[in-house]
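Q: Counting from 1 along the sequence shown, just add 71 to a position and that's the residue number in our numbering.
Beta carbons: idealized from backbone N, C-alpha and C, even for Gly.
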Amino acid sequence: MTSQETTDPVVPPSPDEVTDVCESIAAAVMTYGDPRTKDQAAAAIRDEVNRISAGAAEVVVVGEKKAGKSSLINALVEWPELLPVDVDVATNVHITVHYADQPVGLAYLEGVADPVSIGIEEIRAFAALDPQTGQPVRDDVRYVTVGVPSPLLKSGLALIDTPGVDGLLAGHAYITRAMLRRSDALIFVTSALGELTKSALSFLSEATTRIATVFFVLSQVDLHVGWERVLERNRKLVAEYAPAYSSAPWFPVTSRAESEAIAASKRGDEDLARSRRELSGCGPLRTALGSQIAEHGQDLRMRNALHLARPEADALAANWQLRIRMLSLDPSLAADLADRQHRLKQLENTDAQWRTELAIGMREFDRQLRDCLRRSADDIQAMAETKIALAAKAKELSQIPEDMEEAVTGVYLDLNLTATEALTQVITAIQDRIGEVDLQTSASLVMPSRLSQLPAFVRSAHDAKGFIATVERTAPALGLGMLVGSVLAVVSSGILLPVVGGVGAMALLSERRKSREALVRGRTDANRYVNRILRQLRGEFPAQISAATTAVGNRLRDEISTHLDQQRRDLEAEIDTQQSFLQAATDQLNRDQAQAQHELDGFNGLRDLAVGLESRLDPFSKKG
72 MTSQETTDPV VPPSPDEVTD VCESIAAAVM TYGDPRTKDQ AAAAIRDEVN
122 RISAGAAEVV VVGEKKAGKS SLINALVEWP ELLPVDVDVA TNVHITVHYA
172 DQPVGLAYLE GVADPVSIGI EEIRAFAALD PQTGQPVRDD VRYVTVGVPS
222 PLLKSGLALI DTPGVDGLLA GHAYITRAML RRSDALIFVT SALGELTKSA
272 LSFLSEATTR IATVFFVLSQ VDLHVGWERV LERNRKLVAE YAPAYSSAPW
322 FPVTSRAESE AIAASKRGDE DLARSRRELS GCGPLRTALG SQIAEHGQDL
372 RMRNALHLAR PEADALAANW QLRIRMLSLD PSLAADLADR QHRLKQLENT
422 DAQWRTELAI GMREFDRQLR DCLRRSADDI QAMAETKIAL AAKAKELSQI
472 PEDMEEAVTG VYLDLNLTAT EALTQVITAI QDRIGEVDLQ TSASLVMPSR
522 LSQLPAFVRS AHDAKGFIAT VERTAPALGL GMLVGSVLAV VSSGILLPVV
572 GGVGAMALLS ERRKSREALV RGRTDANRYV NRILRQLRGE FPAQISAATT
622 AVGNRLRDEI STHLDQQRRD LEAEIDTQQS FLQAATDQLN RDQAQAQHEL
672 DGFNGLRDLA VGLESRLDPF SKKG
């Protein structure tokens, strides 16, 4: 091929071609697959095939709570107040946002055949949580659909808003996982205020089994000046925990700027609207959704069907390859079987080892957290004492409550960072004992309620008014005033100057005394307040440390036990499979050998008959 020549363009497969291949794989799974899972696996493939000719491409939007999923959808469809966004977990059920010529909403209720028509302004009443109780406003709603005249949606797209996938919200995570089974692509939203959590990475790893197309959105970039570092860290985490998505695109966005652009455009301020829209980052994401998903919904569904079916075909091929090795009496099979049996025996001997390692690790986990708390509290005390001692005026101490609030928040963040680092050490030590194991347990402390809202800064009461208070404050300055007046009387011949000078000196000294007393009271008040907060800090966090240590230890114990039990079951199943194949191969060889022996016996019998006949026909064998 010359440099001018080009390759022919790749022609995508037709739906019929993909359907035929996937149906053949499903049929093979039903015939030759694992009896325990073949029905479910074949049904999943056929479900994907049935979706190939569906309508608009459905994109599920997922993320942890407070990541800004609902705000992002509002920005993309250019309806800033469409979905509720102002509570911790705004969405309680999934909400499908699709195109419609006029705004329309439908709520699908438990036990009711037909949906209930609702206004756009009623979405909160049907789909949100109560911000006070954290419970659903209505508990009879299965899901909600919303139609709006959005250009993005009109291009052939539907966006599905979901509850958060925070590990603490198991029910919501279940809803979100269920939505993955009916989506064509995934938008994963994560906040720029922190890197991806273990819970989110676990969810992504699970999503790779079915969803082939994902867009990552780094939201709230306007709230964190170091969002680029967070983005780079998240890329590495995805490459490690969900490598199938390592090349997926990332879009840094700020939904707030897009909302401001929409508002400015409505006011007719197009210059401001254009600048805010460029800042928002929603434009590139909107373009990618239109060109890569909305225009290729059927292609995405074919890709998802093949993405799900291909591993099943790989598993069947691997099984039959093993069967062929068995029938050919591959000499390495005995070694493979012995290796698996050895690994199973090792697993049975690791129980006491990892439990001991876990106990040691959790004691170290607890110690590191308590050391962190002690050092942090000592640092805060030293900082506060220095600031109080160096204050020249009482008003300089008014910043102490805000300083303490920031310091407590800093302790909370430091403890959680220390918990993450200490947990990593524990997991590493356990992995050294039992081998590589994917543990999803995360470590986090809860901010104690008494520290989440610090008490008010109480100032000492002081009676600075009235005759007695005035005498008390001015009496010490009276002598100085008289002295100054006398001196001025000597050096001047008038009366006014000595009087004014004496009164001025008294006022100056009185004000200085007043400021000094205020500073002393302020220092006393500040020290009292700091000590009160430190007592709460040292008293409240140890309980949270103990609770976190117990919870993390229990979760690790359960995870490791589950993992090792699964490893045992897998190895036992592999050994059983290999032994059954070997037995089948032996039985087949025995049957072949028996058949050959039967044939041989027949041949020998025929030979003997022939020999006998020949002996009877031999003239030299006749007697007489």
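Three or more beta-carbon pairs under 8 Å between the region 162–171 and the region 209–224, yes or no?
A: yes
Q: In whole angstroms, what separates the C-alpha of Asp159 from that of Ala199?
A: Looking up residue 159 in the sequence shown gives position 88. Looking up residue 199 in the sequence shown gives position 128. At Asp159, the pLDDT of 40 sits below 50, so the modelled position is not reliable and the matter cannot be decided from this model.
Q: Going by C-alpha to C-alpha distance, which of Thr457, Leu468, Asp293 sits closest to Val529?
A: Translated into the one-based positions of the sequence shown, residue 529 becomes position 458. Of Thr457, Leu468, Asp293, the residue nearest in Cα terms is Leu468.
Q: Around the Cβ of Leu444, are there at least 16 other Cβ atoms within 10 angstroms (buried) or fewer (exposed)?
A: Within the sequence shown, the letter at position 373 stands for residue 444. It is buried - the Cβ of Leu444 has at least 16 other Cβ atoms within 10 Å.
Q: Among Ala184, Ala376, Pro613, Arg117, whose alpha-carbon lies nearest the alpha-carbon of Ser447?
A: Numbered from its first residue, the sequence shown carries residue 447 at position 376. Checking every option, the nearest Cα to that of Ser447 belongs to Pro613.
Q: Name the residue from Ala455, Arg347, Lys269 whose alpha carbon lies nearest to the alpha carbon of Ser330.
A: Here residue 330 refers to the residue found at position 259 when the sequence shown is read from its first residue. Minimum Cα-Cα distance from Ser330 among the listed residues Ala455, Arg347, Lys269 corresponds to Arg347.
Q: Out of Ser513, Thr620, Pro526, Gly134, which has the shortest C-alpha to C-alpha gap to Val479?
A: Taking the first residue of the sequence shown as position 1, residue 479 is located at position 408. Selected option, being the one with the closest Cα: Pro526.
Q: So Leu510 and Glu630 are in contact, right, with Cβ under 8 Å, and what is the actual spacing, rounded?
A: As a first step, residue 510 must be located in the sequence shown, where it is residue number 439. As a first step, residue 630 must be located in the sequence shown, where it is residue number 559. Their Cβ separation, rounded to whole angstroms, is 5 Å, which keeps Leu510 and Glu630 in contact under 8 Å.
Q: Got a sec, what are the start and stop residues for the beta strand (DSSP E) Ala453 sits in?
A: Counting from one through the sequence shown, the residue named residue 453 turns up at place 382. For Ala453, there is no enclosing beta strand (DSSP E); the enclosing alpha helix (DSSP H) has its first and last residue at 422–461.
Q: So what does Tyr170 bridge to, in DSSP terms?
A: Numbered from 1 along the sequence shown, position 99 holds the residue referred to as residue 170. According to DSSP, Tyr170 bridges with Val219.
Q: In this structure, does DSSP put Leu230 in helix, strand or coil?
A: Along the sequence shown, read from residue 1 onward, the residue named residue 230 stands at position 159. Strand, per DSSP.
Q: Does the distance from the C-beta atom of Pro234 to that of His295 stay below 9 Å?
A: For the purposes of this step, residue 234 is taken as the residue at position 163 of the sequence shown. For the purposes of this step, residue 295 is taken as the residue at position 224 of the sequence shown. Result no, Cβ atoms of Pro234 and His295 do not sit closer than 9 Å.
Q: Hey, could you find the ends of the beta strand (DSSP E) Ile333 is sitting in?
A: Here the question's residue 333 lines up with position 262 in the sequence shown. From DSSP, Ile333 is part of no beta strand (DSSP E) but of the alpha helix (DSSP H) over 326–338.
Q: Is the CB-CB distance between Gln143 and Ser362 below 9 Å?
A: Your numbering for residue 143 matches position 72 in the sequence shown. Your numbering for residue 362 matches position 291 in the sequence shown. Here residue 143 turns out to be Leu, not Gln, going by the sequence shown. Contact: no.
Q: Can you grab the Cα-Cα spacing for the pair Arg592 / Arg599, in whole Å?
A: Looking up residue 592 in the sequence shown gives position 521. Looking up residue 599 in the sequence shown gives position 528. Distance between the alpha carbons of Arg592 and Arg599 is about 10 Å.
Q: Enumerate, from N- to C-terminal direction, the unbroken alpha helix (DSSP H) stretches of 4 or more residues contained entirely within the region 272–318.
A: 298–312
Q: What three-state label does DSSP hand Arg107 in the structure shown?
A: Position 36 of the sequence shown, counted from the start, is the residue given in the question as residue 107. If DSSP states are grouped into helix, strand and coil, Arg107 belongs with coil.
Q: With Thr90 and Ile123 assumed to form a contact (beta carbons below 8 Å), what rounded beta-carbon distance in angstroms separates them?
A: Translated into the one-based positions of the sequence shown, residue 90 becomes position 19. Translated into the one-based positions of the sequence shown, residue 123 becomes position 52. Rounded, the Cβ-Cβ distance is 7 Å, consistent with contact.
Q: Work out the CA separation of His413 and Ala655 for me, nearest whole Å.
A: On the sequence shown, position 584 is the one that residue 655 refers to. On the sequence shown, position 342 is the one that residue 413 refers to. About 23 Å.
Q: What is the residue span of the alpha helix (DSSP H) that Gly182 lies within?
A: Counting from 1 along the sequence shown, the entry for residue 182 is found at position 111. No alpha helix (DSSP H) contains Gly182, which DSSP labels as neither H nor E.
Q: Trp150 by DSSP, collapsed to three states: which one?
A: If you number the sequence shown from 1, residue 150 lands on position 79. Of the three classes helix, strand and coil, the one that applies to Trp150 here is coil, per DSSP.
Q: Mind the definition here: the region 377–386 touches the region 104–120 only if three or more C-beta pairs lie below 8 Å; say whether that holds.
A: yes
Q: For a quick check, are the C-beta atoms of Val508 and Gly432 less than 9 Å apart?
A: By 1-based counting over the sequence shown, the position of residue 508 is 437. By 1-based counting over the sequence shown, the position of residue 432 is 361. No, Cβ-Cβ distance for Val508 and Gly432 is not below 9 Å.
Q: Decide if Asp232 is buried, meaning its Cβ has at least 16 other Cβ atoms within 10 Å, or exposed.
A: Counted from its first residue, the sequence shown places residue 232 at position 161. Classification for Asp232: buried.
Q: Per DSSP, Ile130 forms a beta bridge with which residues?
A: Stepping through the sequence shown from its first residue, residue 130 is reached at position 59. Checking the displayed sequence, the identity of residue 130 turns out to be Val instead of Ile. According to DSSP, which records beta bridges pairwise, Val130 is partnered with Leu230, Ala256.
Q: Can you have a look at Lys140 and say buried or exposed, based on whether 16 or more other CB atoms are within 10 angstroms of its CB?
A: On the sequence shown, position 69 is the one that residue 140 refers to. With 16 or more other Cβ atoms within 10 Å, it is buried.
Q: What residue does the alpha helix (DSSP H) around Phe528 start on, and which one ends it?
A: Walking along the sequence shown from the start, residue 528 turns up at place 457. It is not in any alpha helix (DSSP H) - Phe528 carries neither H nor E in the DSSP assignment.
Q: Leaving out five residues on either side along the sequence, give the residues of the same chain with a beta carbon under 6 Å from the beta carbon of Ile505.
A: By 1-based counting over the sequence shown, the position of residue 505 is 434. For Ile505, where only same-chain residues beyond five positions count, the Cβ hits under 6 Å are Thr421, Trp425.
Q: I think Asn375 touches Glu119, with their Cβ atoms under 8 Å apart; what is that distance to the nearest whole Å?
A: The residue you call residue 375 lines up with position 304 of the sequence shown. The residue you call residue 119 lines up with position 48 of the sequence shown. The Cβ separation is near 6 Å, so the contact holds.
Q: DSSP three-state call for Ile189: helix, strand or coil?
A: Along the sequence shown, one-based indexing puts residue 189 at 118. In the three-state reduction of the DSSP assignment, Ile189 falls in the strand class, which pools E and B.
Q: Can you name, in chain order, every residue of its own chain whose Cβ lies under 8 Å from the Cβ of Arg411, other than the five neighbours on each side?
A: Within the sequence shown, residue 411 is the residue found at index 340, counting from 1. Answer for Arg411: Leu642, Glu645, Ile646, Gln649, listed in chain order.
Q: At the level of alpha carbons, what is the spacing between Ala514 and Ala493?
A: For the purposes of this step, residue 514 is identified with residue 443 of the sequence shown, where counting begins at 1. For the purposes of this step, residue 493 is identified with residue 422 of the sequence shown, where counting begins at 1. Looking at the two C-alpha atoms, the distance is approximately 9 Å.
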